[in-house]
Every structure is written in structure tokens, then in C-alpha cells.
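First the structure, in the form of C-alpha cells, and then the observations on it.
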Amino acid sequence: MMKLSLPKNSPMRSTSFTYGVATASFQIEGGVEDRLPCIWDTFCATPGKIADNSNGDIACDHYHRWQDDIEIISSLGVDAYRLSLSWPRLIKKDGSINELGVSYYLSILNRLRDKGIKAYVTLYHWDLPQHLEDDGGWLNRATAYKFQDYVKKVVLAFGNKVHSYATLNEPFCSAYLGYEAGIHAPGHADVNYGKKAAHHLLLAHGLAMETLKKYSPDTENGIVLNFTPAYPETDSVRDKIAAEYADDYFNQWYIKPILDGEYPAINQQLPKEQQPEILPGDMEIISQPLDFLGINFYTRAVYRHNLANIYEEIQLPNVDRTDIGWEIYPQAFTELLVSLDTRYTLPPVFITENGAAMADICINGEVADYGRVDYYDQHLSAVAQAISQGVDIKGYFAWSLMDNFEWAEGYRKRFGIVHVDYETQCRTIKASGLAYRNLIASRTDK
Ligand code: IFM
């Protein structure tokens, strides 16, 4: 049996460090018949957008199998489960609450509580109701206020059954991939859209934080951001400038307004038509204090100078990569955490996602995903190193509990520590899941 190891005196070996698994509604639920359509339903129905032409209609059928899935979560021994709520399942088109959706999530939250598993709830993990996109989606400032209204209804419905609320998951992906690069729903490819959508998402976050503070002051409230640290290809000044620019554009753009109340200085260098429209008071709303910051990390990116566009991402040859093509470079994880801690006054940090896509190998009924075990081993150690350098990290969530719908990649890329056979919906805990369970079980009270 392959093991996950941690340095001897690491706080990550204590039961006070939170371990969890994470999922998202659209990626696992299915159960489309009981909710409104969302932008990902529309995107999946658009030819050529999803690598295997699949959709989220059934996914892992978690909507009908949640009891069994919570048994699996419980059997892993985790302290916490990070799930997201589906906005189109909870709010009807007229803005009223959908009781069917409320009772579905209440059942899950109650079962988690009975099992002693803390619910870390993400309020938006990309499944925007389609009718809101028809009104402009995240390009429309009004969507931020619709989100605030949805959050208020949710909080009043679920109250103290939730341990922690994250407003958004990875606003970079919603804004850049969805509105600028066009590779995620809703599929707009326009350089003038990305930062505008980002601003409205961040505004939605700030408005939701106000609502959470008012109606849910006892939950831990924050946001989840993803980071792909930017490295220069060489030590040349030009490559370093390229990497810094890319870092501001893709990473700092989302954390700096929240923690410092302003966008990176490169905003001034962007052509006017690319800049967000910032109204008086917006930055104060966006920079509400957080109870926690969720950080998602998978890989790094390497940049070189490019005359036309300042930066150009390059693919290094001969490096280890996961099945989705992302370089395995755990050192960047430690460096990221330490550099954020140096740069900002961070609230307590949770690693809300980390994991690897691997093509799983089945040997004698065992899912022998030893490459994933290695990935977790290296990345858990990278987190432990950041803690030893003073970063206040409280918990770690593996992405993902189980194989699921990996957005534009469809079902071909598997991130789970539990294998899903999509024909039978049979679940099998992989070697990585067993190793994670053993690590969690081996902790001691300190
Ligand atoms: O599957 C996604 C998840 O929904 C958001 N963070 C990255 C994961 C892997 O791509």
C-alpha cells in the first residue's frame, strides 16, 4: 500500500488540521429535471465545445445517490466536505425559492451533520442560471445583485447547518475562460469582456459577504481563488517582466482588489475598452474582510517575453505532467503560499482544491492510481513546508471526491480519489483515496 507522508512535527499531523474532499454541483449532480437550465447546459449542447460531446444531465447521478456518496465520504474519515449549491436548483425564474431544491440540500446538510462532517458550502461554482445569461450574465452589473438576493435566500434556508460559506469558486475561470477566452460557458471570446465580467463577479462576492455577515455571522465566510503561479522562462529582465505581467493579469487581479481594495497597476495600461467600469463605492464593497481565503492550486505556468502581447506562455519540454497536460511542480505551491503571505495580510487559509487528473489503471479490482498518490504526497509536503515558513493554513481539501464532469474536457479527465464507472455508476475507492484515509486516520491530538 502506498502511503502519504508528512514531516514529523507538522501541524498537518494533528486532528486540529481540517482534511476534506471537494466537489461541485454541475460536475456531479445530474438531476436536471428538477432545476432550471444553466449556462453549462447550453454550452454542452453547442457542438464542438466539450471534448467528448458529453453534458451534465446525469454526471455522477449524485442527485439520486447522495446517501451512498455520503457513506463513502464518511468512510474516508474526513472532517469536512466541500460542496457547491446549484443556483438554478434553488431559485426559480421569478426569483422565489424552489422548495424542492431546498429540501434536497437540507437532506444532504442534515446527513453530513449526523455523520460529524462539516459542510463547506460554495455558493457559486459556475452554474449561472441561463435566463440570467440571457440578460447579459456577468457582463451585466445587475447579476451581482441577483446573486446577493440568492445568497440571502440560501442563508435564511440553511442557516447554521453550514460550517463555512465561500461566495465564489475561482472567479478567474468564470471571467477569463468564460467571457474572454471562450473555452468555458457561456463561451464569449472577447478581450474586452474578461475584466468587466471579473469586476461584476468580485462585486457579487463583496455584496454576498455583506449579506453573509448580516444573516450568517456565525459561519466562516470567504472566497475561493485559484492561482497558477507565473515563472519566467529565463532570468532575462524581459522574461521576468512578462511573467510579472501575466501574474498580475491572471492571479493578482482577483486577490488584490479583495485584500487591498484595488486592482493591480496594469489596469491603467489596458486599453480603455478592456478596463472594468468601477463605480464609486465598488472597491469598498469588494474588499470586505474575509474569515478565510480558499486557495486552489494545481500547476504553474512559464512565460517568455513577446513583443506583440508582452507575455507568451510556453510549454517546457521534458517535464512531468498530469493527464490534463499540467506540469507537476509542487515547489510552486510552497512558493505561492509564502509569496501571498509576504505580499498581503492574509486571513486564515484553506487549501480548497488540489489534485491531479490521471488515467487510472485497474489491477485485480484495485484502482492503482499511484501517480496520483505521488502527486498528493508531494503537494501535501509543499503545504507543510509553507506552514513551517509561517503561513497560517488551517485545512486541505482533495479535488476531487470522485471522478466527474471536467468541464470542457468532459468525462475523459479523471480527478477523483474515488473511481466512477459511468456505465454502472459504481464507485471504487482508489489507492489515492485509501492513502488519504490512512493519512487522516494517523493524526494525533495535539
Ligand atoms: O474541476 C475543476 C474544478 O471545478 C475547479 N477547479 C479546477 C478543477 C480541475 O480542473
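Residue numbering for the sequence shown follows our numbering, starting at 95 and increasing by one per position. Here a beta-carbon is modelled for each residue, glycine too, at the ideal position from N, C-alpha and C. The structure presented is a predicted model; accordingly, all values stated were derived computationally and were not measured.
Label residue i either buried or exposed according to how many other C-beta atoms from any shown protein chain fall within 10 Å of its C-beta, with 16 as the threshold for buried.
i    : result
L410 : exposed
I455 : exposed
C154 : buried
M496 : buried
R437 : exposed
V413 : exposed
V123 : First, the residue type needs correcting, since residue 123 is Glu and not Val in the sequence shown. By the neighbour-count rule (16 or more Cβ atoms within 10 Å), E123 is buried.
E274 : buried
S330 : exposed
T538 : exposed
N403 : exposed
L401 : exposed
E193 : exposed
K143 : buried
N390 : buried
M95  : exposed
Our contact map puts residue i next to residue j with C-beta atoms below 8 Å; I'd like the distance itself, whole angstroms only.
i    : j    : result
A395 : E407 : 5 Å
N448 : Y392 : 7 Å
G489 : G114 : 7 Å
A298 : F241 : 4 Å
L533 : V485 : With 8 Å as the limit, L533 and V485 do not qualify as a contact, their Cβ atoms being about 20 Å apart.
V215 : S169 : With a Cβ gap of about 22 Å, V215 and S169 do not count as contacting.
T428 : A476 : 4 Å
T112 : A174 : 5 Å
P182 : L130 : 4 Å
G388 : F444 : 5 Å
F386 : A116 : So it is not a contact: roughly 14 Å between Cβ atoms.
For residue i, list the residues DSSP reports as bridge partners.
i    : result
S178 : T216
D515 : C520
W493 : A116
A260 : T216 and G316
Y397 : P326 and E407
L250 : Paired residues: none, contrary to the question.
G388 : V318 and F444
C138 : C138 pairs with nothing; no bridge assigned.
V331 : Bridge partners of V331: none, in fact.
C132 : P223
E421 : R415
T305 : Per DSSP, none; premise fails for T305.
Taking the straight line between their C-alpha atoms, what separation do you get for residue i and residue j?
i    : j    : result
C138 : S108 : 43 Å
I352 : E460 : 44 Å
P223 : Y357 : 28 Å
L364 : P141 : 33 Å
W220 : K97  : 34 Å
L250 : G189 : 15 Å
D163 : K366 : 49 Å
K350 : K289 : 14 Å
H293 : D341 : 17 Å
P101 : G527 : 20 Å
S148 : E517 : 13 Å
T439 : G375 : 22 Å
L57  : Q425 : Residue 57 lies beyond the stretch modelled for the chain, which goes from 95 to 540, so this question has no answer here.
I191 : S482 : 46 Å
S433 : N320 : 15 Å
F252 : S310 : 10 Å
A451 : D435 : 28 Å
R415 : Y423 : 9 Å
Y239 : V248 : 14 Å
Q472 : I523 : 20 Å
N204 : K255 : 7 Å
E165 : G195 : 21 Å
G272 : E227 : 11 Å
R521 : G465 : 20 Å
F499 : D128 : 19 Å
L206 : Q362 : 47 Å
V512 : A525 : 9 Å
S104 : Q161 : 34 Å
S178 : N263 : 9 Å
D417 : Y339 : 28 Å
S197 : V514 : 26 Å
A145 : D151 : 16 Å
R176 : K307 : 20 Å
H158 : G125 : 7 Å
For ligand 2, is there any heavy atom lying closer than 7 Å to the beta carbon of residue i?
i    : result
K246 : Among the ligands in the structure shown, ligand 2 does not appear; only ligand 1 can be found there.
Q. Does the segment 296–308 come close enough to the segment 366–383 that 3 or more CB-CB pairs lie under 8 Å?
A. yes
Q) Are the segment 329–349 and the segment 278–286 touching, with three or more C-beta to C-beta distances below 8 Å? A) no
Q) If we count Cβ pairs, one from each stretch, closer than 8 Å, do we get three or more for the segment 365–375 versus the segment 308–317? A) no
Q | Touch test, the segment 225–236 against the segment 281–297, Cβ-Cβ under 8 Å, three pairs minimum | A | yes
Q: Determine, using beta-carbon pairs with one atom in the segment 254–269 and one in the segment 323–331, whether at least three such pairs fall under 8 Å.
A: no
Q: Inspect the CB distances between the segment 128–135 and the segment 502–515 and report whether three or more fall short of 8 Å.
A: no
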